[in-house]
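Enquirer: Before I ask anything, let me first share the structure, which is written out below as structure tokens.
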Amino acid sequence: MNETESREKTERAAVLATETLQKSFRAGSATVPVLTGVSMIFREGLCYTIQGVSGSGKTTLLHLLAGLEDPDSGQVLYRHQDISRFSRKRLAAWRGRAIGLVFQAYHLLPELTALENVNLPAMLFGQRDAKPGWELLKAVGMIHRSHHRPSELSGGEQQRVAIARALRNDPEILIADEPTGNLDEETGMEVIDLLLGLQKSRGKTLILATHDPRLAQRGDRQLVLSGGKLETLERSSVVLSSVPGSPKASSESRLEPESKPSS
Ligand SMILES: Nc1ncnc2c1ncn2[C@@H]1O[C@H](COP(=O)(O)OP(=O)(O)OP(=O)(O)O)[C@@H](O)[C@H]1O
Ligand SMILES: [Mg+2]
């Protein structure tokens with residue numbers, strides 16, 4: 001690593017952060033705590049992977065980060081701005097421009113072609129130019145399927161289209177919830193190679209929840225959600241020892257203390 005790269009690494013700006021985020025759900029008369037104080041900083045251009053057993057709250061956390069749900073207490077900060085202070089309209093506009101979402105089940109609109117699906121996020125902002133959609137389909141290796149509907153595409157192909165759609169408004173942040181969960185191992189790895197390649201080449205921050213320890217290992221920072229808290233890999237040996245084939249913490253995966261934003 002040369003001096004410039006080293007400096008860039010230490011000076012990466014915080015693009016998203018959480019402050020003691022808490023969220024619980026009601027189950028009948030009981031309250032089930034899911035997140036009990038998540039404080040984390042997500043920095044520009046890095047890939048964060050989040051592991052955790054089923055029900056640990058990964059999807060809940062990703063929804064809070066994208067402003068799709070409100071926390072009970074605590075904050076989500078986008079470049080030091082508390083998103084809970086945004087109006088509904090501003091929140092929707094922020095989400096549409098700053099966040100690209102990738103889901104396990106793709107969530108493409110069945111009546112639209114691949115190209116129309118990719119261009120949809122821009123159309124919602126009144127942009128009708130189809131060219132960026134073509135370019136993105138090319139980038140994900142799907143240009144030959146531009147006019148196909150989702151039902152005519154394999155799962156891996158649908159997820160490629162969904163990744164192109166997530167990038168359509170050139171968001172700073174990509175949030176992916178088990179993007180390979182519906183794919184076989186080989187196809188899943190191809191999709192991850194694609195997603196990480198685009199994330200790195202375009203300088204995006206990627207926050208990715210996964211059950212797959214080998215996939216999690218590919219993050220610049222590996223996090224684990226356990227007991228309602230988000231911890232680094234090396235501090236979560238109890239959880240990780242129960243994850244088959246999980247890697248030992250390497251010096252590369254160690255987090256600098258990221259518990260709170262400095263301002
Ligand atoms: N809308 C809701 N109403 C009530 N309970 C909910 C709701 N959403 C999530 N939960 C509960 O919150 C807990 C965390 O759910 P979440 O979906 O975030 O877990 P997860 O880590 O994403 O699990 P998985 O790995 O299975 O996807 C679970 O116990 C779930 O039942
Ligand atoms: Mg989930």
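Anchor point for the sequence shown: position 10 equals 10 in the UniProt record's numbering, and the numbering is continuous, going up by one each time.
Every residue gets a Cβ at the ideal spot worked out from N, C-alpha and C, and that includes glycine.
Everything numeric in this text was worked out from a predicted model, so none of it was measured.
1. Please classify E152: does DSSP put it in a helix, a strand, or coil?
2. Kindly examine ligand 1 and report whether one of its heavy atoms sits closer than 7 Å to the Cβ of A30.
3. For A122 and E172, which I take to be in contact (beta-carbon distance under 8 Å), what is that distance rounded to the nearest angstrom?
4. Using 8 Å as the threshold, is the C-beta distance between V15 and T205 below it?
5. In three-state terms, what does DSSP make of Q159?
6. Quick check on R168: does DSSP put it in helix, strand or coil?
7. Near F86, what residues of its chain come up, given a Cβ to Cβ distance below 8 Å and the 5 sequence neighbours on each side ignored?
8. Within 10 Å of its beta-carbon, does F103 have 16 or more other beta-carbons around it, so buried, or fewer, so exposed?
9. Spatial neighbours of P33 within its chain, please: C-beta separation below 7 Å, excluding the five flanking residues on both sides.
10. Can you look up M142 in the DSSP assignment and give me helix, strand or coil?
11. Is the segment 176-185 close to the segment 134-149, with three or more CB pairs under 8 Å?
12. For ligand 1, is there any heavy atom lying closer than 7 Å to the beta carbon of G52?
13. Going by beta-carbon coordinates alone, are R43 and R12 separated by less than 8 Å?
14. Along the chain, where does the beta strand (DSSP E) containing Q22 start, and where does it finish?
15. Indicate the three-state DSSP secondary structure (helix, strand or coil) for V118 in the structure shown.
16. Between the alpha carbons of V224 and L230, how many angstroms are there, rounded?
17. Could you tell me whether any non-hydrogen atom of ligand 2 is closer than 7 Å to the CB of A209?
18. What first and last residue would you give for the beta strand (DSSP E) that runs through K229?
19. Determine the contact status of R160 and M189, defining contact as a CB-CB distance below 8 Å.
20. Please return the same chain residues whose Cβ sits closer than 8 Å to the Cβ of G96, not counting the five positions on each side in sequence.
21. If W134 sits next to L115, beta carbons under 8 Å apart, how far is it from one beta carbon to the other, in whole angstroms?
22. How many angstroms separate the CA atom of A30 from the CA atom of L61?
Expert: Let me spell this out:
1. helix
2. no
3. The Cβ separation is near 16 Å, so there is no contact.
4. yes
5. helix
6. coil
7. G67, W94
8. buried
9. S24, G228
10. coil
11. no
12. yes
13. yes
14. 14-27
15. helix
16. 6 Å
17. yes
18. 229-232
19. no
20. P121, L124, F125, N169
21. 7 Å
22. 21 Å
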